[in-house]
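Beneath this line is the structure, given in structure tokens, with notes to follow.
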Amino acid sequence: MPAYSLNINNKNYTVEADAEMPLLWVLRDLLDLTGTKYGCGVASCGACTVIIDDNAVFACRRTVGNCVNKKIITIEGLSEDGSHPVQKAWQQAAVPQCGYCQPGQMMSAAALLIKNKRPSEPRDQ
Ligand code: FES
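Quick note: to get our numbering, add 16 to the position in the sequence shown (first position is 1).
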């Protein structure tokens, strides 16, 4: 089985996996980074969202073979101490409900903040 070097949350990992294995399973099953959740498996729900090279990506549809030489951030890597603005906002607004989809939502919001430091509501047109 081929080996892949991955940079995840600023740490380097080497995993042996089939090239077509989804990143989601590499994270959860091979690296025990279970914060990234499985919802639909078909790029529809967003529960598996991670950030790859500053973009929100569905880990269920990205193969490990396409993750080499990329900077991957999972919910575990957002911050070590809960100081990321999205984590603070989540706590401040008491967002959590069941919590299952929260990591994906937070990673999507974090990716937005990478591209737009001060997002606003869309204006009526
Ligand atoms: S698990 Fe639903 S989008 Fe990936």
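Each residue gets a CB set at the ideal place from its N, CA and C atoms; glycine is no exception.
Bridge-paired residues (DSSP) for residue i
i: T65; result: F74
i: I89; result: I67
i: V31; result: Y20
i: P38; result: T79
Presumed contact (8 angstroms Cβ cut-off) between residue i and residue j, rounded CB distance
i: A72; j: C64; result: About 11 angstroms; that fails the 8 angstroms criterion.
i: L47; j: Y29; result: 6 angstroms
i: V66; j: T90; result: 5 angstroms
i: N26; j: E92; result: That pair is no contact at about 11 angstroms.
i: K87; j: N23; result: 6 angstroms
i: A59; j: R77; result: 4 angstroms
Chain C contact for residue i (CB, 7 angstroms cutoff)
i: N82; result: The chain labelled as chain C is not found in the depicted structure, where only one protein chain is given.
CB of residue i within 7 angstroms of CB of residue j, strictly
i: G120; j: G62; result: yes
i: V80; j: A109; result: no
i: L128; j: P138; result: no
Just checking, does the region 25–40 make contact with the region 104–113 on the three C-beta pairs under 8 angstroms criterion?
-> Output reads no: the region 104–113 does not touch the region 25–40.
Every unbroken beta strand (DSSP E) inside the region 84–130 [3 residues or more] | List check, beta strand (DSSP E) in window: 87–89.
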